[in-house]
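Right, one structure below, let's go through it.
Protein chains: 2
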Amino acid sequence: MDSGKIFRIGFLGMGTVAQGVWKHLQANREIMRQRLGGEIELAKACVRDISKRRAVEIPESKLTQDPYEIINDPSIDIVCELMGGTGKALELTLAALRAGKVVVSANKAVICSHGAEIFAEARKCGGAYFFEASVAGGIPIIKVLREGLIANRFSLIYGILNGTCNYILTRMERENATYETILKDARRLGYVEADESLDIDGWDAAHKIAILAYLAHGCWIGTDKMLVTGIRGIRLEDMIWARDFNCRVKLIAAIRKLENGALFASVYPALLPLTDVVANVNEVYNAVSLNGDVVGRTVHIGRGAGQDATASAVIADISDALKYLLGAPAQMSVADLAEPRMATLDEVDGDFYLRFEVEDKAGVLATIASVLAKEDISIKLLHQRKHDSSGKAWIVMTTHKTTEGAIKKACQSLSSLPVVSSEPFVIRIFDSQV
Amino acid sequence: MDSGKIFRIGFLGMGTVAQGVWKHLQANREIMRQRLGGEIELAKACVRDISKRRAVEIPESKLTQDPYEIINDPSIDIVCELMGGTGKALELTLAALRAGKVVVSANKAVICSHGAEIFAEARKCGGAYFFEASVAGGIPIIKVLREGLIANRFSLIYGILNGTCNYILTRMERENATYETILKDARRLGYVEADESLDIDGWDAAHKIAILAYLAHGCWIGTDKMLVTGIRGIRLEDMIWARDFNCRVKLIAAIRKLENGALFASVYPALLPLTDVVANVNEVYNAVSLNGDVVGRTVHIGRGAGQDATASAVIADISDALKYLLGAPAQMSVADLAEPRMATLDEVDGDFYLRFEVEDKAGVLATIASVLAKEDISIKLLHQRKHDSSGKAWIVMTTHKTTEGAIKKACQSLSSLPVVSSEPFVIRIFDSQV
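Chains as they are written, first to last, in this note's numbering: chain Z, 210 to 643; chain Y, 210 to 643.
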């Protein structure tokens, strides 16, 4: 079949990912024509600097510095927003939707902070908005979640959503290296975003879990309503001690629906048992585990970033945009739920691993134990590990089931004790049961 | 959005999977209406015995024994073929397509043996044919392969496609149990198909890899053109000795495109390194690893069978059928390649693990070594392991890179040696590089 139509694509931004899309689309025109019956034309790209040399050759006649030359061009059908950022990207996305364009985006930040507005505009304008590349790079997780598993409700979605953190943790463990050493190397390799806190402190993963939460539960959860901790506090010793529990430390993003209906969204370092496939996903790879009420558990693994992996996802969106232009119904009318109830820390329970430094003297353990007892926290295992330096020791312990709230209070009490000389570092023992 | 249309579904067959679909569709009507703008109605089911009690209650007015009451009913839009088998299923599928129905199927056997005919008919009739449930149960692998990863060519696809075999291998390894013991248990639990050879000898996995090969390469590869070996010959000792190589034995189905363009399709027991996530997929779970030229490697894991997992896939297809009926272009016009060139055994290389029984006497190793040398096979590691019974020993060896052809000839020569008292059992050391 062949509709004979040619659909024209305009690009906002021509950075690494956009160049990858341009390159691979040129190679894939024929297959998309065969499979979908629509042809595509790379029509125009808006860039900051027209004369800049690029790895992909684009005729100067197709370049512009004015995004509205693309948005207001009635011959352009699809706009790829690959410029990033939130301010200008939001303005142009809304303008493109209002101009009747189908918009494809890889911009998790703008979706996370303005998703409700963008989707409302898309619905109102009869346009469509595709964003596969915004979560987990090349893994087609958005398509899996809302099409392949459409029959399901998801009580738990969790996974590794930040490749940079996974790369750092993997190398720390493999090379017995400290966090600082590997972080330096990751910076050198260009793996860390300019705003390092996005990666290291978990905000990038938080943006992505917010998008998955929207798809699964139909509501937008701000990162301010999540429990977000990054990998900054992880010590090499944690990686090593994790092995004693047959576990591995991973930065896990999760959205869980509690039995009482409340949602809990989080990003934190967690101990995953080595028997969990997610624990065996290393380096820059991402993994997403979906617990569906019909299908059971599925897990999807792939590269979470990089030019080609992200381009693969953008091209999948362009192909869906084509299908939409050829008559497919829009697929984004997830019912917007009323404001969801977010779980309080006292509702969320689990087992915990705590690690902190103490003065190595008599009576310390008794003091610690009484602090924990006050919060009804029952110790499962406690290990005092000698420092090589004098006078201090590490306490490593795991708890029986308790709540996030109790752990938070206990940590506050512990850090105020004179004998405790480091802020307690918490690693959740991840519960993948639903 | 809401098109206000109601689409009517008829079922051919009302067995376990169909009942799962019926049950979950009733629960999901509203969400599909919200997401797709089309409503569905469970219109009619063709069964062998109308009066039979079923777990799902279906009013007698919706039951028929005549499939043509569904196929020739102009008010029915979608036909779900969930009866299985090849003869009658083919006839009814073609008849339904000719009657203008959209057909959804979970029937891998009929697709594998008559796919070319079915797809040609679907194209000719302007109908559409969806078959997500035919491969890897609840994993939406067909959607991932042809939509989510549309930008990619696949040089290697491999994975665990038969849950029954994976269950048997997992339990053998965990419980140090023999193949026969666990097979008996799997039978008792109803995990083994009535025709056991389908599972145990690899034919079920071969059907599934044929479908993935079609999607990736656009051609139908008959199982007669594949190298197919099941798990029947695996001994507990192989599972144990695999650990010495940091590997696990899995039944792996694969379709590989060699550098020279030839295709090699296979199902065989293979040693996978424990660092491969696929090696850590156990019990009845399936896993599919896709190596795309743009995205790199992605892996997808989930339940490969069972009422609910399969129903999840069928419902995803019904939702795609709805989209098609609402105007989406058909997605099956993969170019049918000319007859592909299948690789000869001499073109396919790799490392191998061989295990066979010999008379434990002087000179045996020299004889064996000379047989292998004749085929230019270089031994990497050779281990003679004593039997507890007298006079015999196991030879376990691995080879350096050689070809399938050389191994085949060497095994023939070995088994004709008087000192070799068991057919050599071959386990491929799986090469996941592309």
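For each residue, glycine too, the CB sits at the ideal point set by N, CA and C.
Is the separation between the beta-carbon of residue i and that of residue j shorter than 9 Å?
i: Phe328 of chain Z; j: Ala425 of chain Z; result: no
i: Lys601 of chain Y; j: Glu568 of chain Y; result: yes
i: Lys589 of chain Y; j: Asp560 of chain Y; result: yes
i: Ile638 of chain Z; j: Cys374 of chain Z; result: no
i: Asn469 of chain Y; j: Asp413 of chain Y; result: no
i: Asp585 of chain Z; j: Thr611 of chain Z; result: yes
i: Val493 of chain Z; j: Gly513 of chain Z; result: yes
i: Ala386 of chain Y; j: Leu445 of chain Y; result: yes
i: Leu358 of chain Y; j: Ser498 of chain Z; result: no
i: Val265 of chain Y; j: Asp526 of chain Y; result: no
i: Glu248 of chain Y; j: Ile215 of chain Y; result: yes
i: Asn491 of chain Y; j: Leu483 of chain Y; result: no
i: Pro349 of chain Y; j: Thr390 of chain Z; result: no
Apart from the five residues on each side of it in sequence, which residues of its chain come closer than 6 Å, Cβ to Cβ, to residue i?
i: Ile199 of chain Y; result: Not covered by the structure: residue 199 of chain Y. The range shown for chain Y is 210 to 643.
i: Gly219 of chain Y; result: Ala252, Lys253, Ile279, Ile285 and Val288
i: Ala321 of chain Y; result: The question names Ala, yet the displayed sequence has Cys at residue 321 of chain Y. Around Cys321 of chain Y: His416 and Ala419.
i: Gly614 of chain Z; result: Leu554 and Asp555
i: Thr539 of chain Z; result: The residue you asked about is not Thr; residue 539 of chain Z is Ala in the sequence shown. The answer, listed in chain order, is Ala337.
i: Cys255 of chain Z; result: Leu221, Thr273, Pro276 and Ile279
i: Glu591 of chain Y; result: The sequence shown places Leu at residue 591 of chain Y, not Glu. Only Met606 meet the Cβ criterion.
i: Ala518 of chain Z; result: Gly346, Gly347 and Arg512
i: His323 of chain Z; result: Leu299
i: Ala304 of chain Z; result: Ile280
i: Trp429 of chain Y; result: Gly324, Ala325 and Tyr423
i: Arg465 of chain Y; result: Leu365 and Phe473
i: Asp502 of chain Y; result: Asn361 and Arg362
i: Val573 of chain Y; result: Val567 and Val628
Return the chain-ordered list of same chain residues with a C-beta closer than 8 Å to the C-beta of residue i, the five sequence neighbours on each side being excluded.
i: Val580 of chain Z; result: Ala619, Ser622, Leu623 and Leu626
i: Glu566 of chain Z; result: His596, Lys601, Ala602, Trp603, Ile604, Val629, Ser630 and Ser631
i: Arg263 of chain Z; result: Met223 and Gln228
Which whole-angstrom value is the C-beta distance of residue i and residue j, which I expect to be below 8 Å?
i: Ala462 of chain Z; j: Tyr388 of chain Z; result: Not really, about 19 Å apart at Cβ, beyond 8 Å.
i: His233 of chain Y; j: Ala360 of chain Z; result: 5 Å
i: Asp447 of chain Y; j: Arg564 of chain Y; result: 6 Å
i: Val504 of chain Y; j: Gly229 of chain Z; result: So it is not a contact: roughly 11 Å between Cβ atoms.
i: Gln516 of chain Y; j: Thr225 of chain Y; result: 5 Å
i: Ile369 of chain Y; j: Ala496 of chain Y; result: 5 Å
i: Arg307 of chain Z; j: Glu330 of chain Z; result: 7 Å
i: Thr295 of chain Z; j: Val319 of chain Z; result: 5 Å
i: Gly439 of chain Y; j: Asp410 of chain Y; result: 4 Å
Short of 7 Å in beta carbon distance, which residues of its chain neighbour residue i, apart from the five on each side in sequence? Order them along the chain.
i: Asn316 of chain Y; result: Glu290, Gly293, Ala298 and Ser343
i: Val643 of chain Y; result: Ser364, Leu365 and Asn500
i: Ile259 of chain Y; result: Glu269, Leu272 and Gln274
i: Asp552 of chain Y; result: The question names Asp, but residue 552 of chain Y in the sequence shown is Ala. Only Leu467, Ala471, Leu472 and Phe473 meet the Cβ criterion.
i: Leu301 of chain Y; result: Leu221, Pro276, Ile280 and Glu290
i: Asp408 of chain Z; result: Asn371, Thr373, Cys374, Val401 and Glu402
i: Trp450 of chain Z; result: Val605
i: Met210 of chain Y; result: Here the model assigns Met210 of chain Y a pLDDT of 44, short of 50, so the residue's position is not dependable, and the following value carries that caveat. Contacts found: Gly246.
Is residue i close to the ligand ZN? I mean its beta-carbon at under 8 Å from any heavy atom of the ligand.
i: Cys255 of chain Z; result: The ligand ZN is not among the ligands present in this structure, which contains no ligands whatsoever.
Worksheet entry | chain Z contacts from the segment 257-269 of chain Y (Cβ-Cβ distance under 7 Å) | none
Practice prompt. Give, in chain order, every residue of the segment 481-499 of chain Y whose Cβ lies closer than 7 Å to some Cβ of chain Z.
Written response: Val486, Asn489 and Val490
Worksheet item: Touching or not, the segment 531-539 of chain Y and the segment 372-387 of chain Z, by the rule of three or more beta carbon pairs under 8 Å?
Response: no
Practice prompt. Report the residues of the segment 507-520 of chain Z with a CB closer than 7 Å to any CB of chain Y, ordered along the chain.
Written response: Thr507, Val508, His509, Ile510, Gly511, Arg512, Asp517, Ala518 and Ala520
Worksheet item: How do the segment 464-479 of chain Z and the segment 433-446 of chain Z stand: do at least 3 beta-carbon pairs fall below 8 Å, yes or no?
Response: yes
Practice prompt. Inspect the CB distances between the segment 333-346 of chain Y and the segment 400-415 of chain Y and report whether three or more fall short of 8 Å.
Written response: no
Discussion item. Output needed in chain order: residues of the segment 224-236 of chain Z with a Cβ under 7 Å from some Cβ in chain Y.
Written reply: His233
Discussion item. Can you pull out the residues from the segment 343-358 of chain Z whose beta carbon lies closer than 9 Å to at least one beta carbon of chain Y?
Written reply: Gly346, Gly347, Ile348, Pro349, Ile350, Ile351, Lys352, Val353, Arg355, Glu356, Gly357 and Leu358
Worksheet entry | Selection of the segment 430-451 of chain Z by Cβ proximity to chain Y, strictly under 9 Å | none
Worksheet item: When the Cβ atoms of the segment 343-356 of chain Z are set against those of the segment 441-461 of chain Z, are three or more pairs found closer than 8 Å?
Response: no
Worksheet item: Of all the residues that make up the segment 523-536 of chain Z, which are near chain Y by a beta-carbon distance shorter than 7 Å?
Response: Ile524, Ala525, Ser528, Lys532, Leu535 and Gly536
Worksheet entry | Where the segment 238-250 of chain Z meets chain Y: residues whose CB sits under 8 Å from a CB there | Ile240, Met241, Gln243, Arg244, Leu245, Gly246 and Gly247
Worksheet item: Taking any Cβ of chain Y, which residues in the segment 360-371 of chain Z have a Cβ under 7 Å from it, in chain order?
Response: Ala360 and Asn361
Item to complete: Residues of the segment 305-316 of chain Y with a CB closer than 7 Å to any CB of chain Z: list them in chain order, please.
Response: none
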